[in-house]
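In what follows, a structure is listed as structure tokens, so that the remarks can point back to it.
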Amino acid sequence: MAIYYTQILNSDSKKILAGSFSLAGDPLKPNKDLLIELKNAISSLPSQHKVFSLHSTKKTYLFYFKVARDMIMSSIVDSRTTDKLITRYFGDVEKEYTSRYSELRSPHYEFDDKLKSITDSFNKKYNMLLGAEELENTHTALVENLDTLINRGENINILKDLAEKVNLETREMSRKVSQMKLNARIEQYKVYGAIAIAIFLLLLLYFRR
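Heads up: the sequence shown is residues 1 to 209, going by UniProt numbering.
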């Protein structure tokens, strides 16, 4: 998941009070059309105090909005960001912002750097959790499928195809977590090692039958 851009606005005037791109969102800075699309979406938001989502025109990104009594929070995120995650994120941002400012009519651009820091930390934390969860699911699926194949006595070519597929999935997981903390990478690479050892041992067991 990734939160690329967030802004805080006055709910009445729609004036931007603070806004910032995250580290993951830096490549979107030149995309003025996307920001204009976000602005237009904000202008037509309903007044209910809740969280809304909307696809961008090209379906590449999601817009999320939280409408509160005095403020609106809006974000541009990727398709893997869930309602649950964005609600938690908006809660963190709102808590930090309202603890600093009681007057929500004038811009507080000095909050931009803090907003970027909150977003970067949130992205890193939940990407690590999601990455670890996906790796664990891959490992579980591997063990279950290999057990099934061996019990059925399937052809060794099927076993090799499965090993290749899992190897590709593991590489994809590695790409997704490439920007995580070094200690998180080391722990995840241990999982890769366990997968490789499991494949080797199971192939060896199969050939010896």
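Idealized CB from N, CA, C, for every residue including glycine.
query                                                                                             : result
Nearest-angstrom beta carbon gap, tyrosine 64 and serine 53 [assumed within contact, 8 Å]         : 5 Å
Buried or exposed (CB count within 10 angstroms, at least 16 for buried), asparagine 40           : exposed
Bounding residues of the beta strand (DSSP E) (the contiguous stretch that carries asparagine 10) : 3-10
Buried or exposed by the 16-neighbour rule on C-beta atoms within 10 Å, applied to isoleucine 199 : buried
Neighbour-count burial assignment, leucine 38, 16 or more Cβ in a 10 Å radius                     : buried
Helix, strand or coil at lysine 39 [DSSP, three-state]                                            : helix
Which of helix, strand or coil DSSP assigns to serine 44                                          : coil
Host beta strand (DSSP E) of leucine 104 (start-end)                                              : Element bounds for leucine 104: n/a, residue is neither H nor E.
Valine 93 versus isoleucine 195 - alpha carbon distance                                           : 39 Å
Straight-line gap, lysine 84 to leucine 203 (C-alpha atoms, nearest Å)                            : 41 Å
Three-state class that DSSP yields for alanine 18 in the structure shown                          : strand
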